[in-house]
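Visitor: Residue numbers (our numbering), protein chains in the order written: chain A, 1 to 180; chain B, 1001 to 1097; chain C, 2001 to 2400; chain D, 3001 to 3310.
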């Protein structure tokens, strides 16, 4: 079972990222759960969302305390919260940032493995808005292979309708540009 | 004192404690509440029907002769008919024992 | 064809209501019930559900309109949570008395105060004695399935009572997970077409909700109680038929590795799955632990429950609501009461856990099992205990 | 000579002869409210479903196993008649459309007393009016909680003695002015609002019929004389209702699509004291207080007349 935690700010699409990841996994015939952090947080506040993916039926409804993967949609969260909290020893943090993994490691003292992508720039260039959730999904899949890139297309099209293509473009660019 | 139990077996109550016999309040005769009763002198009556209209019981009816009468099974003796009568046809008279 | 889809549990619930082709949905929004009624209102707006969605001004009016609609002969659905259910309470009491088969989903949430939007069972336990059929769901599939089953149960002429389908707020309501969704044709092979058993009819006028004088009141209550008790048989029949139709089998009481278990964890709702994981873990350590899960809460399945716990030494009974100053939480008091006269009955240690969104983890179940055994060894039987309480660490360490 | 409005000597000729509210009900002797119910039911006819709030009329009409109602009738609770009637109306609309029941265009009616309407039921009333249900709401206003023993409501008039607005060394009785729920209904911009009185039966019946005829919500506020709570003679119930109108304490008007019209326009108003003096609940009032009431009534009536002239 793989457990993923998404960090973002209310309105940035962390919850949507989690949902799309779970839907893609379920589409592959796997079992998955996606759930938000159920808080009273509003637009702008730091929020989290969670995903479990497994080949077996998932028989737990605990919150996620020791994720395998953490995805951070907004680089400004790094100085505010410990994004790597509880991360398993072999876990990975997937991060939206203009900086290199080494810069991040020394600046924020993160010891975990890192995958980075300049998602904000990609989102601006492909969609014209700094919404990074689908871009980060590209980075997540590239760096972890937790689901197949193909299985994200269907849920993404269903969710975004007419703007799905732009999101897919951003997603594919992140697949190419993520470094880890 | 007799032991207090219900009047109807629970098995025999209609579903949802519903009353299926609509309007069966008529089985209950409120005439026993009356301490005075309307007595009519139809010589004065010009059959306007005000008594019928204003009776809170709805117990005043028109007979085949065109004159009105109160159904004393229900009349509570409020005296509204006498009060509202235009022609002083109706007098309220104490009930005798 | 049934489709396995990733779907939010609330949306799956709304889909079941759509398949039941309800006529009237009076509803007032409250977290965490909102997604269910939002989706129903959308289905009505799109013409995918031919129903009147009444956006009432309160939950009190939601239940009032529900009863009016059911009395007029409609199939009615509503949903609520917590404060909304509490505000409804007065009218909740009247639904069984009028024998109106309303289906209501309750996305369980703590009752204030302090105000909390998160999950526990204090809202539903306050409605425990209202005369409704009450069932608890463990996962999204069950929410979808039992919402369908609910219509068949309550509209059965032997029942004609309202039903609450309970699902844990957020923990279930906001969870996206794989659920097998039936199509209309499949659903129709199971669901009976709706026809009101009685209704307000201008051609056959009746009076509903008359005054119950002391000469009749006790018998009216007896009739309502007998109807509720009798509903168990129908619930069982319907679950059986659902299982035969779709291959998903449900019982009024479920067990997991309970056979021969020395310790039984007793749960209701979505924490049951976490409890199973905990049991698997403890079994690898050689602990004889099993799970009994109550699905049908009202009418309480006494025989099935007693049979399920037979032979156990101790029950770690988990309540998700506090009975302040009482002898046990609402579940434990039921359980103790129905075991009281049995020889060789297991001890019942009552833990109050998961209040107002507090997580109940695998480790918590391990702790509760340890403590239940610890108390049994020591011969100490506290009425009930809240667990995971800051300030009670010393006590909690005792049994570790 | 006593005048009934639209004077017609053979009243029974113009009034529907059928009774849908049976005798044998247990209302007090001389109850003005139960007369209003009887007349409203005549106007409504048989094709209605009535949802009724808890209160005097509910209690006196339905002690199991007896019901005075010859039309389908439903009582759920005190504060929710409007919400229950919303559900009935919505259900009828849908299940007639779906062919579950024969299409009969049955009308949903809600009824409540002043407590169930102007106090505890105001929210559900407002909700029903705002949502635009095709429901006629009839408020039988006897100006206090008579069912529980004459406690004040927001509909109790200024100065009136009730068991919870008693006069005393520090009190002259009800210290607030009667809440005007008809105007609150008007503020919902519904198609029809009216005030009515069983003392003017033809006017009452006509208004109920108009209320049923409009599409959308209608509200009819009926002043209902309560000899028990008002401490008046039982045989004066019709007379008191008439005096309330003739003194402009309770003017009879209707508001159809926002247009005001006085339906009973007394040529000359009587002093309010004519109305007050027949009621024990006002017996303690000083001339000064009666003057205050007179002033207020004249003022309000002036405002209403102006609206009618617009």
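Here a beta-carbon is modelled for each residue, glycine too, at the ideal position from N, C-alpha and C.
Closest to residue 2071 of chain C by C-alpha separation, out of C:2263, C:2275, C:2099, would be which residue?
Guide: The sequence position of residue 2071 of chain C within the third chain is 71, counting from 1. Out of C:2263, C:2275, C:2099, C:2099 has the C-alpha closest to the C-alpha of residue 2071 of chain C.
Visitor: Give a yes or no on whether 8 Å exceeds the smallest Cβ distance from residue 3069 of chain D to chain B.
Guide: Locating residue 3069 of chain D in the fourth chain gives position 69, where the first residue counts as 1. By this cut-off, residue 3069 of chain D is an interface position.
Visitor: Quick one: is residue 1087 of chain B buried, meaning 16 or more other Cβ sit within 10 Å of its Cβ, or exposed?
Guide: Locating residue 1087 of chain B in the second chain gives position 87, where the first residue counts as 1. Exposed, since its Cβ has fewer than 16 Cβ neighbours within 10 Å.
Visitor: Anything in the region 3233–3244 of chain D with a Cβ closer than 9 Å to a Cβ of chain B? List those residues in chain order, please.
Guide: Answer set for the region 3233–3244 of chain D: 3233, 3234, 3235, 3236, 3237, 3238, 3239.
Visitor: Quick check on residue 3297 of chain D - is its C-beta less than 8 Å from some C-beta in chain B?
Guide: Translated into the one-based positions of the fourth chain, residue 3297 of chain D becomes position 297. No - not a single Cβ of chain B is within 8 Å of the one on residue 3297 of chain D.
Visitor: Could you check the C-alpha separation between residue 2063 of chain C and residue 1081 of chain B for me, to the nearest Å?
Guide: For the purposes of this step, residue 2063 of chain C is identified with residue 63 of the third chain, where counting begins at 1. For the purposes of this step, residue 1081 of chain B is identified with residue 81 of the second chain, where counting begins at 1. Rounded to the nearest angstrom, the two C-alpha atoms are 43 Å apart.
Visitor: Beta-carbon within less than 8 Å of residue 3001 of chain D's beta-carbon, same chain only, minus the 5 sequence neighbours each way: which residues are those?
Guide: Here residue 3001 of chain D refers to the residue found at position 1 of the fourth chain. Confidence in residue 3001 of chain D is poor, its pLDDT being 36 and thus under 50, which makes the residue's placement unreliable; the coordinate value appears in the next sentence. Cβ within range, chain order: n/a, list empty.
Visitor: Between the Cα of residue 3254 of chain D and the Cα atoms of D:3142, D:3119, D:3283, D:3205, which residue gives the shortest distance?
Guide: Taking the fourth chain and counting its residues from 1, one reaches residue 3254 of chain D at position 254. If we check each option's Cα against that of residue 3254 of chain D, D:3205 comes out closest.
Visitor: Going by beta carbon distance, what residues of the same chain come within less than 7 Å of residue 3207 of chain D, once the five residues before and after it are set aside?
Guide: Sequence index remark: in the fourth chain, residue 3207 of chain D carries index 207 (1-based). Around residue 3207 of chain D: 3194, 3196, 3220, 3254.
Visitor: Using the beta-carbon of each residue, which ones in chain D are nearer than 7 Å to residue 2094 of chain C?
Guide: Here residue 2094 of chain C corresponds to residue number 94 of the third chain, with the count starting at 1. Residues of chain D passing the Cβ test: 3076, 3077.
Visitor: Who are the Cβ neighbours of residue 2267 of chain C in its own chain at under 6 Å, not counting the five residues just before and after it?
Guide: For the purposes of this step, residue 2267 of chain C is identified with residue 267 of the third chain, where counting begins at 1. Hits under 6 Å: 2275, 2293, 2318.
Visitor: Let me check understanding here. Comparing Cα to Cα, which of D:3231, D:3259, D:3232, D:3179 lies closest to residue 3250 of chain D?
Guide: Here residue 3250 of chain D refers to the residue found at position 250 of the fourth chain. It is D:3179 whose Cα lies nearest to the Cα of residue 3250 of chain D.
Visitor: Taking its Cβ as the centre, do 16 or more other Cβ atoms sit within 10 Å of residue 3006 of chain D, making it buried, or is it exposed?
Guide: Residue mapping note: residue 3006 of chain D aligns to position 6 of the fourth chain, counting from 1. Bear in mind that a pLDDT of 45 at residue 3006 of chain D, under 50, signals an unreliable position, so the model cannot answer this.
Visitor: Return no unless some Cβ of chain B is closer than 8 Å to the Cβ of residue 3275 of chain D.
Guide: In the fourth chain, counting from the first residue as 1, residue 3275 of chain D sits at position 275. Chain B contact via Cβ: absent.
Visitor: Pull up the CB-CB distance for residue 64 of chain A and residue 5 of chain A, whole angstroms please, since I reckon it's below 8 Å.
Guide: By 1-based counting over the first chain, the position of residue 64 of chain A is 64. By 1-based counting over the first chain, the position of residue 5 of chain A is 5. That pair is a contact at about 6 Å.
Visitor: Could you tell me whether any Cβ in chain B is nearer than 8 Å to the Cβ of residue 2206 of chain C?
Guide: Locating residue 2206 of chain C in the third chain gives position 206, counting from the first residue. Chain B, which has a Cβ nearer than 8 Å to the Cβ of residue 2206 of chain C, makes this yes.
Visitor: Can you tell me the Cα-Cα spacing of residue 1077 of chain B and residue 3018 of chain D, whole angstroms?
Guide: For the purposes of this step, residue 1077 of chain B is taken as residue 77 along the second chain, with counting starting at 1. For the purposes of this step, residue 3018 of chain D is taken as residue 18 along the fourth chain, with counting starting at 1. Those two C-alpha atoms are separated by around 23 Å.
Visitor: Might you give, ordered along the chain, the residues of its own chain that have their beta carbon closer than 8 Å to the beta carbon of residue 3301 of chain D, omitting 5 neighbours on each side?
Guide: Within the fourth chain, residue 3301 of chain D is the residue found at index 301, counting from 1. These residues qualify, in order along the chain: 3248, 3251, 3269.
Visitor: How big is the Cα-Cα spacing for residue 2251 of chain C and residue 2161 of chain C?
Guide: Your numbering for residue 2251 of chain C matches position 251 in the third chain. Your numbering for residue 2161 of chain C matches position 161 in the third chain. Straight-line Cα distance between these residues: approximately 20 Å.
Visitor: Among residues of its own chain, excluding the 5 on either side of residue 3077 of chain D, which ones have a beta-carbon nearer than 7 Å to its beta-carbon?
Guide: Translated into positions along the fourth chain, residue 3077 of chain D becomes position 77. The answer, listed in chain order, is 3054.
Visitor: So who's on the other strand from residue 3066 of chain D, going by DSSP bridges?
Guide: As a position in the fourth chain, residue 3066 of chain D is number 66, starting the count at 1. Paired residues: none, contrary to the question.
Visitor: Do the CB positions of residue 2097 of chain C and residue 1046 of chain B come within less than 8 Å of each other?
Guide: As a position in the third chain, residue 2097 of chain C is number 97, starting the count at 1. As a position in the second chain, residue 1046 of chain B is number 46, starting the count at 1. No. Outside cutoff.
Visitor: Would the region 1029–1039 of chain B and the region 3076–3096 of chain D be scored as touching if the rule is three or more Cβ pairs under 8 Å?
Guide: Counting Cβ pairs under 8 Å, fewer than three are found: no touch.
Visitor: In chain A, what lies closer than 9 Å to residue 2362 of chain C by C-beta?
Guide: By 1-based counting over the third chain, the position of residue 2362 of chain C is 362. Those within 9 Å of residue 2362 of chain C in chain A are 60, 62.
Visitor: Need the endpoints of the alpha helix (DSSP H) that residue 27 of chain A sits in, please.
Guide: To locate residue 27 of chain A, count along the first chain from 1; it is residue 27. First-last of the alpha helix (DSSP H) with residue 27 of chain A: 14–27.
Visitor: Using three-state DSSP, classify residue 3256 of chain D as helix, strand or coil.
Guide: Counting from 1 along the fourth chain, the entry for residue 3256 of chain D is found at position 256. Residue state, collapsed to three classes: strand.
Visitor: Give the C-beta separation of residue 3229 of chain D and residue 3150 of chain D to the nearest angstrom, bearing in mind that I take them to be a contact with Cβ-Cβ under 8 Å.
Guide: On the fourth chain, position 229 is the one that residue 3229 of chain D refers to. On the fourth chain, position 150 is the one that residue 3150 of chain D refers to. With a Cβ gap of about 4 Å, residue 3229 of chain D and residue 3150 of chain D count as contacting.
Visitor: So for residue 3002 of chain D, helix, strand or coil by DSSP?
Guide: The residue given as residue 3002 of chain D occupies position 2 in the fourth chain. Confidence at residue 3002 of chain D is low in this model, with a pLDDT of 43, below 50, so its placement is unreliable and no value can be given for it.
Visitor: Which chain B residues sit within Cβ distance under 9 Å of residue 2082 of chain C?
Guide: For the purposes of this step, residue 2082 of chain C is identified with residue 82 of the third chain, where counting begins at 1. Residues of chain B passing the Cβ test: none, with the nearest at roughly 28 Å.
Visitor: Identify the residues that DSSP records as bridge partners of residue 2240 of chain C: which are they?
Guide: Locating residue 2240 of chain C in the third chain gives position 240, counting from the first residue. The partner list for residue 2240 of chain C (beta bridge, DSSP) is empty, contrary to what the question assumes.
Visitor: Is any beta-carbon of chain D found at less than 8 Å from that of residue 2060 of chain C?
Guide: For the purposes of this step, residue 2060 of chain C is identified with residue 60 of the third chain, where counting begins at 1. Yes, contact with chain D.
Visitor: Please report the Cβ distance between residue 2123 of chain C and residue 2082 of chain C, rounded to the nearest whole angstrom; I am assuming they are in contact, meaning their Cβ atoms lie under 8 Å.
Guide: Against the third chain, residue 2123 of chain C aligns to sequence position 123. Against the third chain, residue 2082 of chain C aligns to sequence position 82. The pair is a contact, with the Cβ atoms about 4 Å apart (cut-off 8 Å).
Visitor: Starting from the beta carbon of residue 1078 of chain B, find every residue of chain D whose beta carbon is closer than 7 Å, and list them in chain order.
Guide: The count along the second chain starts at 1 and reaches residue 1078 of chain B at position 78. Simply 3029, 3030, 3234, 3235.
Visitor: Check whether the region 3260–3268 of chain D and the region 2010–2028 of chain C are in contact - that is, three or more C-beta pairs closer than 8 Å.
Guide: Not touching, per the Cβ criterion.
Visitor: Check whether the Cβ of residue 2389 of chain C lies closer than 8 Å to any Cβ atom in chain A.
Guide: For this step, residue 2389 of chain C is matched to residue 389 along the third chain. Closer than 8 Å: no.
Visitor: Scan the region 2017–2096 of chain C and note each continuous alpha helix (DSSP H) run of 4 residues or more that stays entirely inside, going in chain order.
Guide: Fully enclosed alpha helix (DSSP H) runs of 4 or longer: 2034–2045, 2059–2072, 2082–2092.
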